[in-house]
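A.B. asks:
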């Protein structure tokens with residue numbers, strides 16, 4: 063699951079980073095035309111994958127860092143573009159010894175009207191078509207993980223535009239295991255998100271994503287989730303764990319693949335589809351806390367997905383709670399071993415633990431539910447822990463949970479804990495530069511909020527990711543924020559009562575009402591946030607009730623004593 067912590071090395075010796083493996087397609091899916099499938103192809107032959115060395119590296123990384131390596135990047139530059147004046151084109155790339163291949167292009171460009179499909183050798187697996195909408199300024203692109211040792215590029219091109227097609231590879235990831243894991247490779251105890259346990263958590267399911275990551279010449283998988291911001295503008299932010307990609311370069315971030323909606327249609331039945339993918343992200347901020355095979359913070363990475371996510375994919379942008387409050391129940395939603403999306407359930411209070419740094423992580427224990435006893439595995443790292451209100455309170459760093467006792471090494475089992483970097487520690491407590499503190503990115507309006515609802519994007523709405531698009535009870539979320547953040551001091555008071563809630567400018571004024579014990583109104587006024595000072599010297603002594611009512615429906619009432 064993750065790196066060992068020096069503080070927990072004895073009990074944590076077998077805890078592993080939750081990584082793993084990768085398939086897929088682009089925005090509009092259409093079958094490859096028969097004439098392209100029947101075309102003869104020229105072939106680029108790559109060096110043979112050294113499977114024995116790959117396994118040696120995989121075993122070493124699993125033991126020393128808990129990583130799950132499933133592919134090796136083989137460098138091999140080759141031009142794949144069509145000849146001038148061609149209107150169709152087919153070229154194959156063979157990587158002998160591989161069980162699957164993902165080709166990495168360092169110069170990709172298609173002119174309007176051109177379309178490209180990627181298939182396996184016999185055309186039984188395909189993705190596409192790619193078109194000009196898949197062009198990026200950096201010119202980089204990674205294909206899905208194609209089963210077998212051959213990847214075929216098949217193009218149809220408008221007359222006279224072949225010279226505008228750029229197709230050049232720098233190498234490919236050769237997969238040496240877990241190719242079938244992309245269609246189901248997690249442990250038998252895992253619970254599909256199509257099972258009854260998902261009821262009430264459908265939105266959090268739709269926020270969770272599967273990540274395929276190229277790092278240091280290897281291929282790994284993690285999980286993550288899309289997150290909302292106080293700008294409520296549906297910015298395509300995705301939050302995961304830094305240990306998933308701590309050594310990833312800018313060029314490799316352009317190859318990072320984000321998969322949406324990879325889940326079974328029914329509980330335990332049917333196949334998930336990896337045809338909803340976006341390739342390429344922009345790194346924004348991280349915890350900057352990786353120390354060798356350990357970390358000394360809460361382990362987060364925030365990126366922005368480069369290309370537009372189609373509204374038809376129904377992606378949810380999760381809400382979050384960075385107040386530091388734990389939860390008495392909730393779920394984790396993730397892609398264990400790169401498998402279809404799963405759900406794990408907890409029903410006892412999270413507890414604070416000093417894993418990376420003092421108070422940096424939540425400890426959680428999973429319980430058996432109606433279907434099974436869901437846990438986490440390699441590939442689950444970076445997935446989110448959702449509290450009882452459906453808000454993210456952390457991202458998965460490490461753990462000891464497994465389907466069976468000692469199933470993932472000594473000391474692991476279904477009743478062993480997992481560890482999530484706290485959202486509140488992500489907020490502003492890591493040893494990262496000031497301009498990479500998470501609050502600057504998730505609270506760009508400087509509202510001071512530490513709790514925010516999620517949303518399904520609505521491009522036609524005045525506020526695309528506003529409260530009208532939320533799954534959570536927005537009043538409940540606002541009430542939590544109000545209850546946790548408002549300060550009324552001193553109490554007891556004598557002459558002046560001070561109210562403060564550091565939220566910056568509000569869109570609507572709150573109403574402050576003070577009543578005596580008999581319910582008679584003594585005072586009422588509007589409050590626009592910041593500080594409010596009430597002169598109480600002439601009010602009757604004894605118990606009073608002070609209420610703050612927000613325009614969004616949230617309301618709290620506090621008892622105040624005047625002496």
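Numbering (this note's numbering), first residue to last: 63 to 625. Just so you know, even glycine gets a beta-carbon here, dropped at the ideal spot from N, CA and C.
Start and end of the beta strand (DSSP E) containing residue 335?
C.D. replies: Note, residue 335: premise wrong, no beta strand (DSSP E); not H, not E.
A.B. asks: Would you report the Cα separation of residue 432 and residue 332, rounded to the nearest angstrom?
C.D. replies: 20 Å
A.B. asks: Across which residues does DSSP place residue 620 in a beta bridge pair?
C.D. replies: 608
A.B. asks: Quick one: what's got a C-beta closer than 6 Å to residue 390's C-beta in the same chain, skipping five residues either side?
C.D. replies: The residues are 411.
A.B. asks: For a quick check, are the C-beta atoms of residue 135 and residue 142 less than 7 Å apart?
C.D. replies: no
A.B. asks: Compare the beta carbon distance of residue 441 and residue 317 with 7 Å and say whether it is the shorter of the two.
C.D. replies: The beta carbons of residue 441 and residue 317 sit no closer together than 7 Å.
A.B. asks: Can you tell me whether DSSP reads residue 265 as helix, strand or coil?
C.D. replies: Three-state result, residue 265: helix.
A.B. asks: Any idea if residue 131 is buried or exposed, counting beta-carbon neighbours within 10 angstroms, 16 or more meaning buried?
C.D. replies: buried
A.B. asks: Provide the residue(s) that pair with residue 457 in DSSP beta bridges, ordered along the chain.
C.D. replies: 446, 483
A.B. asks: Alpha carbon to alpha carbon, what distance is there between residue 160 and residue 119?
C.D. replies: 16 Å
A.B. asks: Assuming residue 313 is part of the alpha helix (DSSP H), what are its boundary residues?
C.D. replies: 312–315
A.B. asks: In angstroms, rounded to a whole number, what distance separates the CA positions of residue 106 and residue 174?
C.D. replies: 26 Å
A.B. asks: For a quick check, are the C-beta atoms of residue 456 and residue 483 less than 7 Å apart?
C.D. replies: For residue 456 and residue 483, yes; Cβs fall inside 7 Å.
A.B. asks: Rounded to whole angstroms, what's the CA-CA distance from residue 162 to residue 338? Just pull it up for me.
C.D. replies: 19 Å
A.B. asks: For residue 229, collect the residues of the same chain with a Cβ closer than 6 Å to its Cβ; drop the 5 residues on either side in sequence, then sort them by chain order.
C.D. replies: 142, 143
A.B. asks: Helix, strand or coil: how does DSSP classify residue 551 here?
C.D. replies: Strand.
A.B. asks: Just to confirm my understanding: we take residue 151, look at its own chain, exclude 5 residues before and 5 after, and list those with CB closer than 6 Å. What are they?
C.D. replies: Closer than 6 Å at the Cβ level, and outside the excluded window around residue 151, lie 144, 217.
A.B. asks: Once you ignore the five residues that flank residue 94 on each side, which residues in its own chain have a CB closer than 8 Å to its CB?
C.D. replies: Contacts found: 179, 181, 185, 188, 190, 191, 216.
A.B. asks: Evaluate contact between the stretch 467–477 and the stretch 489–508, counting only Cβ atoms and requiring at least three cross-stretch pairs below 8 Å.
C.D. replies: no
A.B. asks: Which first and last residues belong to the beta strand (DSSP E) in which residue 97 is found?
C.D. replies: Not the beta strand (DSSP E): residue 97 falls in the alpha helix (DSSP H), residues 96–99.
A.B. asks: Distance check for residue 100 and residue 448, CA to CA, integer angstroms please.
C.D. replies: 49 Å
A.B. asks: Does the stretch 252–261 come close enough to the stretch 194–211 that 3 or more CB-CB pairs lie under 8 Å?
C.D. replies: no
A.B. asks: Which residues in the same chain have their Cβ closer than 6 Å to the Cβ of residue 489, if we skip the five residues on either side of it in sequence?
C.D. replies: 384, 500, 501
A.B. asks: In whole angstroms, what is the alpha-carbon distance linking residue 605 and residue 590?
C.D. replies: 26 Å
A.B. asks: Tell me which same chain residues have a C-beta within less than 8 Å of the C-beta of residue 599, skipping the five on either side of it?
C.D. replies: 556, 557, 558
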